[in-house]
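See structure below.
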Amino acid sequence: MTSQLEAAIAAIQPLTNTERQQLMQILASRSSILDELQDLSSQFQEGASLEQLRAQQQPKTVKNLAELKADFWPPEDSIEDFLDFLSKTRRDGVSVHQL
């Protein structure tokens, strides 16, 4: 047993049984997520034909561009205000993650 594993076991000793169960669920969940990511990574590296992707993803065919229209821009915000804001934040070197 490694010293890191021994330290981890010692660290969980004060936890209640409920907390230990929650920890086990978190670890199991992360493990399955990692397995899934590895599978997806392998699939990506192997590549797939367009026909295989189409069969797997079953994309919808858009026959009318009006179907894609969305009304999400707030009427009180003009596009000019947004573009001014975007330009200023870029000039100031502010990233999206800092907003």
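According to this note's numbering, the residues represented by the sequence shown are 9 to 107, in order. Idealized CB from N, CA, C, for every residue including glycine.
Local conformation of residue i per DSSP, three classes
i, result
"Asp43", "helix"
"Phe90", "helix"
"Ala78", "coil"
"Lys96", "helix"
"Glu54", "helix"
Bounding residues of the alpha helix (DSSP H) (the contiguous stretch that carries residue i)
i, result
"Met61", "The sequence shown places Leu at residue 61, rather than the Met named in the question. Counting along the chain, the alpha helix (DSSP H) containing Leu61 begins and ends at 58-65."
"Gln21", "Premise fails: Gln21 is in no alpha helix (DSSP H) and is neither H nor E."
Separation of residue j from residue i, as counted between CA atoms
i, j, result
"Thr24", "Ile17", "13 angstroms"
"Arg28", "Leu42", "21 angstroms"
Of the residues the options, the one placed nearest residue i, counting alpha carbons only
i, options, result
"Leu76", "Lys68, Pro82, Pro83", "Lys68"
Residue-level contact to chain D via CB, residue i, 8 angstroms cutoff
i, result
"Gln65", "Reference to chain D is not applicable here, since this structure consists of a single protein chain."
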